[in-house]
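Enquirer: Before anything else, here's the structure in question.
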Amino acid sequence: MLRWIRQQLGFDPPHQSDTRTIYVANRFPQHGHYIPQRFADNRIISSKYTVWNFVPKNLFEQFRRIANFYFLIIFLVQLMIDTPTSPVTSGLPLFFVITVTAIKQGYEDWLRHKADNEVNGAPVFVVRSGSLVQTRSKNIRVGDIVRVAKDETFPADLVLLSSDRADGTCHITTASLDGETNLKTHFSVPETSVCQSVSQLEALQAVVECQQPEADLYRFVGRITVTQHEEEIVRPLGPENLLLRGARLKNTKEIFGVAVYTGMESKMALNYKCKSQKRSAVEKSMNTFLIIYLAILLFEAILSTILKYAWQAEDKWDEPFYNQKTEQEKNSSRILKFISDFLAFLVLYNFIIPISLYVTVEMQKFLGSFFIGWDLDLYHEESDQKAQVNTSDLNEELGQVEYVFTDKTGTLTENEMQFRECSINGVKYREMNGKLVPEGMTDDSPDGSSPHLMGEELLFLKAVSLCHTVQISYDQPDSLLGGDPFSHANGFSSNNMEYYASSPDEKALVEATKRIGVAFTGSSGDTMEIQTFGKSEKYKLLHVLEFDPDRRRMSVILQTPCGGKVLFTKGAESAILPFATIGEIEKTRLHVDEFALKGLRTLVVACRHFSPEEYIDVDKCLTSARTALQQREEKLQEAFAYIERDLQLLGATGVEDKLQDKVQETIEALRLAGIKVWVLTGDKHETAVSVSLSCGHFHRTMNILELLQQRSDNECAEQLRRLARRLKEDHVIQHGLVVDGASLSLALREHEKLFMEVCKNCSAVLCCRMAPLQKAKVVRLLKTSPEKPITLAIGDGANDVSMIQEAHVGIGIMGKEGRQAVRNSDYAIARFKFLAKLLLVHGHFYYIRVATLVQYFFYKNVCFITPQFLYQFFCLFSQQTLYDSVYLTLYNICFTSLPILVYSLFEQLVHPDILQSKPGLYRDISKNSLLSFRTFLYWTLLGFSHAFVFFFGSYILMGEDTTLMGNGQMFGNWTFGTLVFTVMVITVTLKLALETQFWTWMNHFVTWGSIAFYFIFSLFYGGIIWPFLHTQDMYFVFVQLLSSGSAWFAIIIIIITCLFPDVVKKVFYRHLCPTSTQKSQSLSAPQAQALSCVESLCCYQHGQSGCSRLACLLEQMMGQCKASVNNCHTSSRSNRSWSDTENLYSNDRSILTLSPIEASRC
1 MLRWIRQQLG FDPPHQSDTR TIYVANRFPQ HGHYIPQRFA DNRIISSKYT
51 VWNFVPKNLF EQFRRIANFY FLIIFLVQLM IDTPTSPVTS GLPLFFVITV
101 TAIKQGYEDW LRHKADNEVN GAPVFVVRSG SLVQTRSKNI RVGDIVRVAK
151 DETFPADLVL LSSDRADGTC HITTASLDGE TNLKTHFSVP ETSVCQSVSQ
201 LEALQAVVEC QQPEADLYRF VGRITVTQHE EEIVRPLGPE NLLLRGARLK
251 NTKEIFGVAV YTGMESKMAL NYKCKSQKRS AVEKSMNTFL IIYLAILLFE
301 AILSTILKYA WQAEDKWDEP FYNQKTEQEK NSSRILKFIS DFLAFLVLYN
351 FIIPISLYVT VEMQKFLGSF FIGWDLDLYH EESDQKAQVN TSDLNEELGQ
401 VEYVFTDKTG TLTENEMQFR ECSINGVKYR EMNGKLVPEG MTDDSPDGSS
451 PHLMGEELLF LKAVSLCHTV QISYDQPDSL LGGDPFSHAN GFSSNNMEYY
501 ASSPDEKALV EATKRIGVAF TGSSGDTMEI QTFGKSEKYK LLHVLEFDPD
551 RRRMSVILQT PCGGKVLFTK GAESAILPFA TIGEIEKTRL HVDEFALKGL
601 RTLVVACRHF SPEEYIDVDK CLTSARTALQ QREEKLQEAF AYIERDLQLL
651 GATGVEDKLQ DKVQETIEAL RLAGIKVWVL TGDKHETAVS VSLSCGHFHR
701 TMNILELLQQ RSDNECAEQL RRLARRLKED HVIQHGLVVD GASLSLALRE
751 HEKLFMEVCK NCSAVLCCRM APLQKAKVVR LLKTSPEKPI TLAIGDGAND
801 VSMIQEAHVG IGIMGKEGRQ AVRNSDYAIA RFKFLAKLLL VHGHFYYIRV
851 ATLVQYFFYK NVCFITPQFL YQFFCLFSQQ TLYDSVYLTL YNICFTSLPI
901 LVYSLFEQLV HPDILQSKPG LYRDISKNSL LSFRTFLYWT LLGFSHAFVF
951 FFGSYILMGE DTTLMGNGQM FGNWTFGTLV FTVMVITVTL KLALETQFWT
1001 WMNHFVTWGS IAFYFIFSLF YGGIIWPFLH TQDMYFVFVQ LLSSGSAWFA
1051 IIIIIITCLF PDVVKKVFYR HLCPTSTQKS QSLSAPQAQA LSCVESLCCY
1101 QHGQSGCSRL ACLLEQMMGQ CKASVNNCHT SSRSNRSWSD TENLYSNDRS
1151 ILTLSPIEAS RC
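Numbering follows this note's numbering, in which position 1133 of the sequence shown is assigned residue number 1133; successive positions increment by one, without gaps.
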C-alpha cells in the first residue's frame, strides 16, 4: 500500500542494481533466500494529475500566477485588518477564477486519462498456469510470456523466445519509433526457438539478465541462461533479440516473447520527455504587465499613505471636532498605524490588478478551442478525422511560430513508394499500363500483346527482381507454412500476395518489375524463384553482401538456372559508377542527375559474371572473412571491395516517395509567413535529401551544405568553420544544410554557438539519422538561443513524442504509426497541409483576440481605479470608497465581462480566405508585436486619460454646485461616484465596440445588452429596500441621478470627449499610413466587390501617396469629387495595386487578384 501511494505521488525508489534478473514465466527459485526485484507495471501515463495530487498540484500551478497569488494575499489582508471594502470583493472573484481554471484543466487531463486507459486496457494474451490467458495490457508483469499476433503492436519490450517460423525469426516495422518503414528481422536463441506451443513454453526454464532500462533504442545488452537436462546454456542477447513496445509484427503469424521492460520503463516511454507546463508568450507578457501594474499600485498606495500623514500634520485635520480619537487610537503605535493605512489603501486600489483577466482568458481559450474541431477545412473525409485540441492553453501561440520542426516519414510523405522511371543501357524508360516504354514514345500496342524487351532490359529487370531482401506474405494464412513455398508460382494472383521489404525502395521496385512481367514469387532456403512473362526460373542464392552505410550498396551472388555464377548489385550512384567498367556510364550518370532533380530516389544497378575459377576464389575469400575471429568487419570490407569491382552497368531506377497532398504549397506558405522549416528524420541521408527536394523544403537552386560523418570534435569544428566562411562569402545565394545524427552529437557537445550560427544563416535545415531524444535536443537548442524564438514540432510517431513535448507547440499527425504522437501533442490534425490554416488563420485570430483582450482588461481596470485614487485627494485620504461595494464586485464579473469575451471569441480583423492567400500578413503579428511595450503603454495612458476625463468631467458638473435637480435638491458623494461609474461603464463598452471589426448578432447583443443590464440592475438595486442588506447607501441614488437632465448631458459630453480623439486617430492612421492588414480589410468582406470605385480606395493612380488618397476622400466628402465612370476606366486592372513603396511584401501580391473590382461596377 505504501509503495502504491509513493508511486501515485511520483516517489517510487530507483533501482538498486545496475542489472535486472528476469525469471521467464516468473518461475522464481524455490529456496527461501531469493528476494524478487520490483519492477514498474505496464501502464503508460501521459496525464499530469492523479486523483490524489490534482488539488495540491493544480493549486500550486495556479498560485504561481502573479495575479492569483496577489489576490490571495489581498483576501488574507482583508480578513485580518479593518479595510474599506468587504473580503467578499476579493474572495469571490478569486474563488471563481480558481474553480473555473481547475475545472478546465481537470477536463483536459481527464481526456488524457481516457486516451491512456484505451492503451492500457487493450486486450493481450499471456501464458499463465499452463494456458493462454487474455488480460489487459496494464496487467503484464516483467517475466510474463506474451503472445503477439500478426499486425499487432508489442505491448511491452519483449525478448523474442520463438515464432511460428522454424528458424525462430520474425519481421517487424519500427515506423512509430524511429520513422523507418522498412522491415527488420529479429531473432530468437536456438534453445527457445523450438518452444512453439504453450505447453513447451510453460516447461521452459530460463533466466534473462540484462541492463536496467535506458532510452537508447539501438542498444541492449543481456544474456539468457536456458536450463536443459540440468545443463545451463548461456546465450548473448542484443538489439536483434529485443522487440520494442510500439513496433508492429509483420509477415509472421505469431510470436512469443518474455517482457523485460514494462510501462514507463520501456524504451518508447523513456524517449518521452517529462511533461512540463507549457506557457505561452502572451501569458509571460501578462505576468510582466502585472508586475508593472503592481508597481503602479504600490506607488499609489505609498503616495496616498504619505499624503494622508502629511495632511494630518495639522491638528484640525488629524483630530477634527466631529471625529475625536479613542484612547486606544491615541496610544497605538504609529508604525503599525502606518502599515495598517498602507494595507488599507492597497486593498482600496487592488482592483487595478485584474483578477478576472485570467478567468476570461481561460474561458476564451477553452471555448475558442472548439472552433478548431468545428472547422470543416481541417476535417479529413477519407479517414473521417477532425482536428482535435488536447490543450487550449497555447491557442495564441499558433500565431507566433517562427520555427517548424517536422518529421518526414508519415508527416510529409504518405509512406507509399511508387516506381516512376528507369534508365537501361543509356535509354530512359517509364512505366505505362504495366509496360516499359522508352522516353518520347507512347504505349499504343493493344493489351495482351507480347512484350518487346531486349536482352539488356530483361537482365536489368531480373537484377532488380533478385537483388533484394524482400519477403512475401499471402492472404491465405497457411499458404507458406509448410508445403511448397512456390505453390503460387504458376498462375499466382496479385491480389493474394504482399511484399515486405527491408527498404521501401526495394518493395516499390519489386512490385514494379512484377507489373512489367518479371515477378519475384518467393524464396525457400537458398532458392529464389521469379516468373519471367509466365515462365518460371529458379536461382540458387549463394551469398548476400549486406548493405552498410559505408559501402552504400548491397549485392547478391546467384547461380543461374544454366549453372553460371552472377553478382547483382545495387546502390547509390557514387557507390556503383566508380566501380563500373562496362556499359553506358556517362549517359546513366546524366539520367541519375535528372531523376534526382525531379525529386526521385535513385538507385544504380550493375552485375558481374564469374567464371568457375573466379567464383572459387570469391567463395574462398568470403568464407575466410566471415569465419575470422579477429578483425572480422575489416576483412569483410576488404572481401566486398575485392568482389564488387569490374562491374557491368545495367541501369538506374527512379522511385518517388509519395508526398502528402499540398505539402509543397504548405511549406511555401510557411516560408512566405516568415517561418523557417527544419526537417528532422531518422531516415537515411539520400532518402531525406530526395524528399526535401521533392516537397520544396530544399529548392533546386539552393546551395546544399553538408555536415556528415564527422568522427571527431576537431574534424567537426573545422567543417563548421568552413561552412560559416562559405555562408559569409555566398550570402546572396540561398543555402540549405544537411546534418546527420552522429555529426550533430559532436556539434552540440562543444560547438553549439558555431552550429547555431551556421543554421540561422541557412534557409532550410535537414537533420537525418536522428534518435528521438536528439530531435528534442535540437528543438531545445533553438528554444534557448538568445532570440528565444517560438518553436512548433509536428510528427506522427512515438519517435516524435520528445520533440513534440519539447517545442512550445506540439502537433500530432493522425497517421499510420499509432497514436502516441497524438496523445502527447497539444493539437492533432489528420494531414500536414492543415498546418497552414491552423497557423495562418486560427493562429492569427487567436493571437489578435487574446492580445486585445489582455490590453483591454488593463485599460478598463485603470479606468476603474484611477478615479478612486483621485477621489482620495478630495476626501482627505480617509480611504472612503468612490463606488458602492456591489459595483466594485460586479464591474469585472458582470458589467464589462461579456463584451470582451464575445469579442475574443469571434473577432476577425481580416477574412480567413485573405489570411490563407496572403501568408505575409502573418509577419504583422510575429514577435509578439501586439503585446509590445509600446502598445501596452498606449493602452495604459489611454486608460489614465479616460479616467481623468471621467473624474474631472463629473467634478466640473458637481464640484461647485450639487443641486442638479430643478427643485434645488442636492446630491451626495454616492451620486457623484455613481455618475463616474455610469460614464465609465458606457465608455469602456463603446471603446471595445470601436475596436470590433467583425460584428455578429452576439456582439450586438452583449455590447448593448451590458449597458442595458447595468441600468436595469442599478434601478432595481437602488429602487428597492432589500431586507438582507445591512446598509443600503445606494437607495434611490440612481433613480435621482437619471432624473437630472444635467447628468444626462454630462454623461453624453464626457463619453464623446473620451472617444472622439480615438475615432479621429483611427481615421487618420488608416488613411495616412495603413498597415498591410488594414489594406487587406477592404477585400475581406464579400461586399468589397460591390463597393464603388472611390469608396474602395483601390482605383487611385498607381503610386499615389496616402496624402493624395486622403485629399480625394475629403473632396468626395465635401462634394467636390465625382466618381465618374471615366475616372474608373482610366485606372486599368494593373494600376489597381498598392504602391511599391507601401509595406506589402514584394514576393506576395496575391491579394490583388482575389477581389477584382469590375469596371462595370464603377
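Built from N, CA and C at the ideal position, the CB exists for glycine as well. Remember, it's a predicted structure, so these values are computed and weren't measured experimentally.
Which same chain residues end up closer than 8 Å to L94 when comparing Cβ atoms and leaving out the 5 residues on each side of it in sequence?
Expert: Here residue 94 refers to the residue found at position 94 when the sequence shown is read from its first residue. N68, F71, L72, F75 and I355.
Enquirer: So which of Q211, V361 and V51 has the shortest CA-CA distance to T21?
Expert: Counted from its first residue, the sequence shown places residue 21 at position 21. It is Q211.
Enquirer: If contacts are defined as beta-carbon pairs under 8 Å, then V677 and A764 qualify, I think. What distance do you get, rounded to the angstrom?
Expert: Working through the sequence shown from its first residue, we reach residue 677 at position 677. Working through the sequence shown from its first residue, we reach residue 764 at position 764. About 6 Å separates the two Cβ atoms, so the contact holds.
Enquirer: Have a look at Y293 and L708 and give me their C-alpha separation to the nearest angstrom.
Expert: The sequence position of residue 293 within the sequence shown is 293, counting from 1. The sequence position of residue 708 within the sequence shown is 708, counting from 1. So the alpha carbons of these two residues sit roughly 52 Å apart.
Enquirer: Hey, M756 and F405: beta-carbon distance below 9 Å or not?
Expert: Locating residue 756 in the sequence shown gives position 756, counting from the first residue. Locating residue 405 in the sequence shown gives position 405, counting from the first residue. Their beta carbons are not under 9 Å apart, which means M756 does not touch F405 by this criterion.
Enquirer: Which of helix, strand or coil does DSSP assign to M1002?
Expert: Residue numbering aside, residue 1002 sits at position 1002 when the sequence shown is read from its first letter. Three-state DSSP puts M1002 in a helix.
Enquirer: Taking only three categories from DSSP, how would you classify F338?
Expert: Your numbering for residue 338 matches position 338 in the sequence shown. Looking at F338 - three-state DSSP - the assignment turns out to be helix.
Enquirer: Can you give me the C-alpha to C-alpha distance between V133 and V470, rounded to a whole angstrom?
Expert: Here the question's residue 133 lines up with position 133 in the sequence shown. Here the question's residue 470 lines up with position 470 in the sequence shown. Whole-angstrom Cα-Cα distance: 34 Å.
Enquirer: Is the stretch 971 to 988 touching the stretch 886 to 897 in the sense that three or more CB pairs, one from each, lie closer than 8 Å?
Expert: yes
Enquirer: Assign N824 to buried or exposed, taking buried as 16 or more other Cβ atoms, counted over all protein chains shown, within 10 Å of its Cβ.
Expert: The sequence position of residue 824 within the sequence shown is 824, counting from 1. Buried, by the Cβ-count rule.
Enquirer: Any contact of the stretch 351 to 368 with the stretch 820 to 839, i.e. 3+ C-beta pairs under 8 Å?
Expert: No, because fewer than three Cβ pairs between the stretch 351 to 368 and the stretch 820 to 839 fall closer than 8 Å, the two stretches do not touch.
Enquirer: For W52, name the three-state secondary structure that DSSP assigns.
Expert: By one-based count along the sequence shown, residue 52 stands at place 52. Residue state, collapsed to three classes: coil.
Enquirer: Please look up how many angstroms separate the CB atoms of R235 and E265, rounded, as I've assumed it's under 8 Å.
Expert: In the sequence shown, counting from the first residue as 1, residue 235 sits at position 235. In the sequence shown, counting from the first residue as 1, residue 265 sits at position 265. Between E265 and R235 the Cβ distance is about 23 Å, and since that is not below 8 Å, they are no contact.
Enquirer: Say whether the stretch 393 to 401 touches the stretch 867 to 884, bearing in mind that this needs 3 or more beta-carbon pairs closer than 8 Å, one atom from each stretch.
Expert: no
Enquirer: Per the contact definition of three or more C-beta pairs closer than 8 Å, is the stretch 557 to 565 in contact with the stretch 652 to 668?
Expert: no
Enquirer: Using a Cβ distance threshold of 8 Å, determine whether the stretch 152 to 168 contacts the stretch 183 to 197, with at least three qualifying pairs required.
Expert: yes
Enquirer: Taking R136 as part of the beta strand (DSSP E), name the residues at either end of that continuous run.
Expert: Here residue 136 refers to the residue found at position 136 when the sequence shown is read from its first residue. It spans S131 to R136 - the beta strand (DSSP E) in which R136 sits, taken as one unbroken run.
Enquirer: Any heavy atom of the ligand ATP within a distance shorter than 8 Å of the CB on S926?
Expert: Ligands displayed in this structure: none; no statement on the ligand ATP is therefore possible.
Enquirer: Applying the 10 Å Cβ sphere with the 16-neighbour rule, what's the burial state of F1049?
Expert: As a first step, residue 1049 is located in the sequence shown; it is residue number 1049 there, counting from the start. Classification of F1049: exposed, given that the 10 Å Cβ count is below 16.
Enquirer: What did DSSP end up calling T19 once you bin it into helix, strand or coil?
Expert: Indexing the sequence shown from 1 puts residue 19 at position 19. Of the three classes helix, strand and coil, the one that applies to T19 here is strand, per DSSP.
Enquirer: Exposed or buried, what is A206 when buried is set at 16 or more other beta-carbons lying within 10 Å of its beta-carbon?
Expert: Against the sequence shown, residue 206 aligns to sequence position 206. Buried, since its Cβ has 16 or more Cβ neighbours within 10 Å.
Enquirer: So what does DSSP say about M814, is it helix, strand or coil?
Expert: Here the question's residue 814 lines up with position 814 in the sequence shown. DSSP places M814 in coil when its eight states are reduced to three.
Enquirer: Let me know the secondary structure DSSP gives S487 once reduced to three states.
Expert: As a working mapping, residue 487 is identified with position 487 in the sequence shown. Because the pLDDT at S487 is just 43, under 50, the model does not fix this residue reliably, and the point stays unresolved.
Enquirer: Report the residue ranges of all alpha helix (DSSP H) runs contained in full by the stretch 497 to 548; include only those spanning at least 4 residues, in chain order.
Expert: 504 to 516
Enquirer: Roughly how many whole angstroms lie between the Cα atoms of M363 and H946?
Expert: Here residue 363 refers to the residue found at position 363 when the sequence shown is read from its first residue. Here residue 946 refers to the residue found at position 946 when the sequence shown is read from its first residue. So the two alpha carbons sit approximately 28 Å from each other.
Enquirer: Can you look up T391 in the DSSP assignment and give me helix, strand or coil?
Expert: As a position in the sequence shown, residue 391 is number 391, starting the count at 1. Secondary structure at T391: coil, using DSSP grouped into helix, strand and coil.
Enquirer: Counting along the chain, where does the beta strand (DSSP E) carrying T174 start and finish?
Expert: Counting from one through the sequence shown, the residue named residue 174 turns up at place 174. Per DSSP, T174 belongs to the beta strand (DSSP E) from C170 to T174.
Enquirer: Between R553 and E644, which are expected to be in contact by the criterion C-beta below 8 Å, what is the C-beta distance as a whole number of angstroms?
Expert: Position 553 of the sequence shown, counted from the start, is the residue given in the question as residue 553. Position 644 of the sequence shown, counted from the start, is the residue given in the question as residue 644. Confirmed, Cβ separation roughly 7 Å.
Enquirer: Does the stretch 1011 to 1023 come close enough to the stretch 900 to 912 to have 3 or more Cβ pairs within less than 8 Å?
Expert: The count of Cβ pairs closer than 8 Å, one atom from the stretch 1011 to 1023 and one from the stretch 900 to 912, stays below three, leaving the stretches out of contact.
Enquirer: Rounded to whole angstroms, what is the Cα-Cα separation between L723 and L600?
Expert: In the sequence shown, residue 723 corresponds to position 723, counting from 1. In the sequence shown, residue 600 corresponds to position 600, counting from 1. When rounded, the distance between both Cα atoms is 27 Å.
Enquirer: Hey, how far is the Cα of Q872 from the Cα of Q855?
Expert: Working through the sequence shown from its first residue, we reach residue 872 at position 872. Working through the sequence shown from its first residue, we reach residue 855 at position 855. Going from the Cα of Q872 to the Cα of Q855 covers about 26 Å.
Enquirer: Does S503 pass the burial test, meaning 16 or more other C-beta atoms within 10 Å, or should it be called exposed?
Expert: Counted from its first residue, the sequence shown places residue 503 at position 503. Buried, because 16 or more other Cβ atoms sit within 10 Å of the Cβ of S503.
Enquirer: Should E421 be labelled buried (16 or more other beta-carbon atoms within 10 Å of its own) or exposed?
Expert: Position 421 of the sequence shown holds residue 421. Buried, since its Cβ has 16 or more Cβ neighbours within 10 Å.
Enquirer: Which runs of the alpha helix (DSSP H), 4 residues or longer, sit entirely within the stretch 904 to 934?
Expert: Fully enclosed alpha helix (DSSP H) runs of 4 or longer: 912 to 917.
Enquirer: Skipping 5 residues on each side, what residues in its chain have a beta carbon closer than 6 Å to that of F950?
Expert: On the sequence shown, position 950 is the one that residue 950 refers to. Within the same chain, F950 has close Cβ partners P867, V980, V983 and M984.
Enquirer: Going by alpha carbons, who is nearest to D18 out of P29, Q37 and D661?
Expert: In the sequence shown, the residue the question calls residue 18 occupies position 18. Selected option, being the one with the closest Cα: Q37.
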